[in-house]
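Each residue of the sequence shown is one higher than the one before, starting from 1 at the first, in the UniProt record's numbering. Presented below is the structure to which this report refers.
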Amino acid sequence: MATVQSDIFKPSKFGGKYTVTMIPGDGIGREVSESVREIFKADNVPIEWEQVDVSGMETGDKHAEELFKESIASLKRNKLGLKGILHTPVSRSGHSSFNVALRQELDIYASIVLIKNIPGYDTRHKNVDLCIIRENTEGEYSGLEHQSVDGVVESLKIITRAKSERIAKFAFSFALANNRKKVTCIHKANIMKLADGQGPGKPHCSASKREHASKALGPR
């Protein structure tokens, strides 16, 4: 699969091997990370793992915060990383999710999810071949909320034109690079007139060689 060009530096490579940051994560993340390590070893993939055992379970712990900073430094240095899921305690108000903090610190603004049928597996829906690209650093992921009075919580959804245009441009670039025929923008502009209604992607739609559409999420 082709990739979208990026302005990041090339990954670190020494002695014929790429140095890749490994963040096993919590829960099943550790199991999956170990499986990947075994598969890569069996296939002689030229990778040297740099493991950082940061965990979202140990919130408020000074050692955990230091490990988080170490993981950021490792990812910036190596430019490549494999991360398992990091736990976010829902019960602790004011705690910033390590997953969200990683995205914001490194400006990992595009989440790419590929959905495709696997040959040999019977599924309800046939011939599925979708790619979902989501903005990772703002909107509900701004993580800004407070309790104004007892029993009332205000949560801020921050949307900027610059980042809306950036994710739209990324989506169309991805479609062109991977021979995708159509890009659909999913939004809530029917309800959120300003936040979702400022037209993310419109500057790129007219210049794009791909078919495009706009869909409101949920009932009108």
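We put the CB at the ideal spot given by N, CA and C, even for glycine.
- Buried or exposed: Asn44, going by 16 or more other Cβ atoms within 10 Å of its Cβ? Numbered from its first residue, the sequence shown carries residue 44 at position 44. Its Cβ having fewer than 16 others within 10 Å, Asn44 is exposed.
- Item | Contact under 8 angstroms by Cβ, Lys163 with Glu140 | Counting from 1 along the sequence shown, the entry for residue 163 is found at position 163. Counting from 1 along the sequence shown, the entry for residue 140 is found at position 140. Going by C-beta atoms, Lys163 is not nearer than 8 angstroms to Glu140.
Per DSSP, what are the beta-bridge partners of Tyr18 in this structure?
Residue mapping note: residue 18 aligns to position 18 of the sequence shown, counting from 1. Paired residue(s): Lys13 and Ile47.
If you reduce the DSSP assignment to three classes, tell me which class His146 lands in. Mapped onto the sequence shown, residue 146 falls at position 146. His146: strand per DSSP, three-state reduction.
Taking buried to mean at least 16 other C-beta atoms within 10 Å of its own C-beta, is Gly15 buried or exposed? Counting from one through the sequence shown, the residue named residue 15 turns up at place 15. Label assigned to Gly15: exposed.
Tell me which residues share the same chain as Ile85 and place their Cβ nearer than 6 angstroms to its Cβ, disregarding the 5 neighbours each side in the sequence. As a first step, residue 85 must be located in the sequence shown, where it is residue number 85. Gly25 and Gly29.
query: Between the segment 95–108 and the segment 118–129, do at least 3 Cβ pairs fall closer than 8 angstroms?
result: no
Exercise. From what residue to what residue does the beta strand (DSSP E) around Leu156 run?
Worked result: The residue given as residue 156 occupies position 156 in the sequence shown. Taken as a continuous stretch (DSSP letters only), the beta strand (DSSP E) holding Leu156 covers Val152 to Ile158.
Extent of the continuous alpha helix (DSSP H) run through His80:
The residue given as residue 80 occupies position 80 in the sequence shown. Before going further, note that residue 80 is Leu rather than His in the sequence given. Leu80 -> no alpha helix (DSSP H), and no H or E assigned at all.
| task | With a 10 Å radius around its C-beta and 16 neighbouring C-beta atoms as the bar for buried, classify Asn78 as buried or exposed. | result | Within the sequence shown, numbered from 1, the residue matching residue 78 stands at position 78. Under this definition Asn78 is a buried residue.
Grab me the residues of Ser55's own chain with a C-beta within less than 6 angstroms of its C-beta, minus the 5 sequence neighbours each way, in chain order.
Start at 1 with the first residue of the sequence shown, and residue 55 comes out as number 55. The answer, listed in chain order, is Asp26.
| said: Is it buried or exposed, Ile47, if we count other Cβ atoms within 10 angstroms and call 16 or more buried? | reply: Residue numbering aside, residue 47 sits at position 47 when the sequence shown is read from its first letter. The residue in question, Ile47, is buried, as its Cβ has 16 or more Cβ neighbours within 10 Å.
### Query
From the DSSP output, which residues share a beta bridge with Ser111?
The sequence position of residue 111 within the sequence shown is 111, counting from 1. Answer is Arg134.
Looking only at its own chain, which residues have a Cβ that is under 7 angstroms from the Cβ of Asn117, when we skip the five neighbours before and after it?
Your numbering for residue 117 matches position 117 in the sequence shown. Answer for Asn117: Thr123, Lys126, Asn127 and Val128, listed in chain order.
I'd like to know whether the C-beta atoms of Val36 and Leu75 end up nearer to each other than 8 angstroms. Within the sequence shown, residue 36 is the residue found at index 36, counting from 1. Within the sequence shown, residue 75 is the residue found at index 75, counting from 1. The answer is no: Cβ separation not under 8 angstroms.
With a 10 Å radius around its C-beta and 16 neighbouring C-beta atoms as the bar for buried, classify His187 as buried or exposed. On the sequence shown, position 187 is the one that residue 187 refers to. Counting Cβ neighbours within 10 Å, His187 comes out buried, since at least 16 surround it.
Check: Straight-line CA distance for Glu70 to Asn190?
Finding: In the sequence shown, residue 70 corresponds to position 70, counting from 1. In the sequence shown, residue 190 corresponds to position 190, counting from 1. Approximately 43 angstroms between the Cα atoms of the pair.
Once you ignore the five residues that flank Glu135 on each side, which residues in its own chain have a CB closer than 7 angstroms to its CB? On the sequence shown, position 135 is the one that residue 135 refers to. Hits under 7 angstroms: Tyr109, Lys163 and Ile167.
### Task
Tell me whether Lys181 sits in a helix, a strand or coil according to DSSP, three-state version.
Taking the first residue of the sequence shown as 1, we reach residue 181 at position 181. Three-state DSSP puts Lys181 in coil, outside helix and strand.
Closest by C-alpha distance to Thr21, when choosing among Gly120, Ala64, Ile72 and Val32 | Numbered from 1 along the sequence shown, position 21 holds the residue referred to as residue 21. Comparing Cα positions, the closest option is Ile72.
Worksheet item: With respect to the alpha helix (DSSP H) encompassing Ser33, which residues constitute its N-terminal and C-terminal limits?
Response: Walking along the sequence shown from the start, residue 33 turns up at place 33. That run of the alpha helix (DSSP H) goes Ile28 to Ala42.
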